[in-house]
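One structure is given below, encoded as structure tokens.
2 protein chains.
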Amino acid sequence: MNLRIDLQSTIPVYRQIVDGLRILLVNGKLNPGDTLPPVRRLALDLGVHFNTVAEAYRTLGEEGWLQIERRSGARVLPRTAPDRVAPEAAEGFQRRLRELVAEVQAHGFARGKIARELRRLAETLERT
Amino acid sequence: MNLRIDLQSTIPVYRQIVDGLRILLVNGKLNPGDTLPPVRRLALDLGVHFNTVAEAYRTLGEEGWLQIERRSGARVLPRTAPDRVAPEAAEGFQRRLRELVAEVQAHGFARGKIARELRRLAETLERT
DNA sequence: TCTATTGTACACTGTATATGTACAGAGTAC
DNA sequence: GTACTCTGTACATATACAGTGTACAATAGA
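These protein sequence lines are chains R and X, in that order.
In terms of this note's numbering, the first sequence is residues 13 to 140.
In terms of this note's numbering, the second sequence is residues 13 to 140.
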């Protein structure tokens with residue numbers, strides 16, 4: 013379970029867990045049928061309360077990634093992509109992407125470096 | 013003041029304002045010497061309380077973008093880029109970028125479309 | 001000097017986040 | 001079948017944060 017969180021971050025822990033797991037799910041590091049650690053176990057690893065992990069699992073369950081049941085725990089579902097993409101989601105993505113880039117620029121990152129990073133990720137996406 | 017916010021979003025309004033203004037600042041849509049609208053005025057435009065706008069201005073002031081004074085309002089400062097880039101910031105950027113992409117993928121966006129968007133932004137960055 | 005306009009301070013309310021604790025359900029050992 | 005243990009769930013609570021209401025302080029300009 014290659015997952016790290018930052019307790020100092022302003023981003024809520026449960027959302028960090030959701031984001032981290034979603035990356036693993038989207039990239040096939042977690043596949044249908046795989047089981048996730050019990051909430052108490054992962055919570056111990058991460059140093060948070062198990063209810064915080066449970067909240068994260070529940071969120072991913074509502075997104076359709078996980079099947080969660082007592083005793084058997086959380087299992088990755090074969091997930092069919094959403095039928096249609098919400099049109100406003102595209103706009104939201106562009107906006108959040110620009111926000112992120114602006115924030116990084118504000119921290120002094122050179123445009124070239126940022127551009128390179130974006131291209132690198134684009135290539136990774138298409139290679140998969 | 014081309015700035016829009018989403019009151020339904022889970023992202024706090026004041027941070028949306030910060031993010032939106034930072035984009036304008038980084039991209040030279042707002043330049044040193046320019047004055048921003050008074051907090052009450054912008055708040056009215058956006059449909060929020062003026063203290064919420066004031067909080068956003070204060071944040072950008074602490075980041076070194078704005079000089080804020082009573083009566084004269086908020087003015088864009090000539091901002092020298094941070095001397096050195098925090099090394100952990102690079103890692104954080106990559107991570108947040110991957111998180112954003114994973115989230116969008118989870119919403120059903122095709123990898124190709126996302127990759128195209130990333131490349132488009134990369135080009136925009138280098139053209140400036 | 002007076003007034004209007006600006007940002008600031010701070011108390012208050014509602015919401016979100018994280019935790020503590022008790023519980024419910026379903027396998028497993030016997 | 002019963003007891004036990006391991007799983008997630010429910011809900012009360014503590015705390016922090018976001019947003020607002022209201023009063024105030026500072027200053028440019030008439």
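For glycine and all other residues, C-beta sits at the position ideal for the given N, C-alpha and C.
Using the Cβ count rule (16 or more neighbours within 10 Å means buried), how would you classify Gln9 of chain R? Nothing can be reported for residue 9 of chain R: it is not among the residues displayed for chain R, which extend from 13 to 140.
Is the beta carbon of Leu89 of chain R sitting closer than 8 Å to the one on Gly104 of chain R? Against the first sequence, residue 89 of chain R aligns to sequence position 77. Against the first sequence, residue 104 of chain R aligns to sequence position 92. Cβ distance not < 8 Å, so Leu89 of chain R and Gly104 of chain R don't count as in contact.
DSSP state of Glu81 of chain X, grouped into three classes? Here residue 81 of chain X is taken as the residue at index 69 of the second sequence, counted from 1. Residue state, collapsed to three classes: strand.
Separation of Ala55 of chain X from Asn63 of chain X, as counted between CA atoms: Taking the first residue of the second sequence as position 1, residue 63 of chain X is located at position 51. Taking the first residue of the second sequence as position 1, residue 55 of chain X is located at position 43. Distance between the alpha carbons of Asn63 of chain X and Ala55 of chain X: 8 Å.
So, at 8 Å on beta carbons, what are the nonlocal neighbours of Pro44 of chain X in its own chain, with the 5 sequence-adjacent residues on each side left out? Numbered from its first residue, the second sequence carries residue 44 of chain X at position 32. By the criterion of a C-beta distance shorter than 8 Å, Pro44 of chain X is surrounded in its chain by Val88, Leu89, Pro90, Arg91, once the five residues flanking it on both sides are discounted.
Ala98 of chain X versus Arg83 of chain R - alpha carbon distance: One-based indexing of the second sequence puts residue 98 of chain X at position 86. One-based indexing of the first sequence puts residue 83 of chain R at position 71. Straight-line spacing of the CA atoms in Ala98 of chain X and Arg83 of chain R works out to 45 Å.
Residue-level contact to chain X via CB, Val97 of chain R, 8 Å cutoff: Here residue 97 of chain R refers to the residue found at position 85 when the first sequence is read from its first residue. Closer than 8 Å: yes.
Boundaries (first-last residue) of the alpha helix (DSSP H) holding Asn63 of chain R: Taking the first sequence and counting its residues from 1, one reaches residue 63 of chain R at position 51. Taken as a continuous stretch (DSSP letters only), the alpha helix (DSSP H) holding Asn63 of chain R covers 62 to 74.
Under the three-state reduction of DSSP, which class applies to Thr136 of chain R: helix, strand or coil? Taking the first residue of the first sequence as 1, we reach residue 136 of chain R at position 124. Helix, per DSSP.
For Ala86 of chain R, the three-state DSSP class (helix, strand or coil): Residue numbering aside, residue 86 of chain R sits at position 74 when the first sequence is read from its first letter. Collapsing the DSSP output to three states places Ala86 of chain R in a strand.
Thr71 of chain R versus Leu78 of chain R: straight-line alpha-carbon distance, rounded: Here residue 71 of chain R corresponds to residue number 59 of the first sequence, with the count starting at 1. Here residue 78 of chain R corresponds to residue number 66 of the first sequence, with the count starting at 1. Between the alpha carbons of Thr71 of chain R and Leu78 of chain R lies a gap of roughly 9 Å.
Give me the subset of the region 25 to 40 of chain X whose CB atoms are less than 8 Å from a CB atom of chain R, sorted by chain position. The region 25 to 40 of chain X vs chain R, Cβ under 8 Å: Asp31, Gly32, Arg34, Ile35, Leu37, Val38, Asn39.
Taking Cβ positions only, does Val65 of chain R come closer than 8 Å to chain X? As a first step, residue 65 of chain R must be located in the first sequence, where it is residue number 53. Taking 8 Å as the CB threshold, Val65 of chain R stays off the interface with chain X.
Reference Ile126 of chain X, options X:Val25, X:Val116, X:Arg139, closest by Cα: In the second sequence, counting from the first residue as 1, residue 126 of chain X sits at position 114. Put simply, of X:Val25, X:Val116, X:Arg139 the residue whose alpha carbon is nearest the alpha carbon of Ile126 of chain X is X:Val116.
Could you tell me how far apart the beta carbons of Gly85 of chain R and Pro50 of chain R are, in whole angstroms, since I believe they sit closer than 8 Å? Numbered from 1 along the first sequence, position 73 holds the residue referred to as residue 85 of chain R. Numbered from 1 along the first sequence, position 38 holds the residue referred to as residue 50 of chain R. That belief holds up - the Cβ atoms of Gly85 of chain R and Pro50 of chain R are roughly 6 Å apart, short of 8 Å.
C-beta atoms of Leu109 of chain X and Leu112 of chain R nearer than 8 Å: Walking along the second sequence from the start, residue 109 of chain X turns up at place 97. Walking along the first sequence from the start, residue 112 of chain R turns up at place 100. Yes; because the gap between Cβ atoms is below 8 Å, this pair is in contact.
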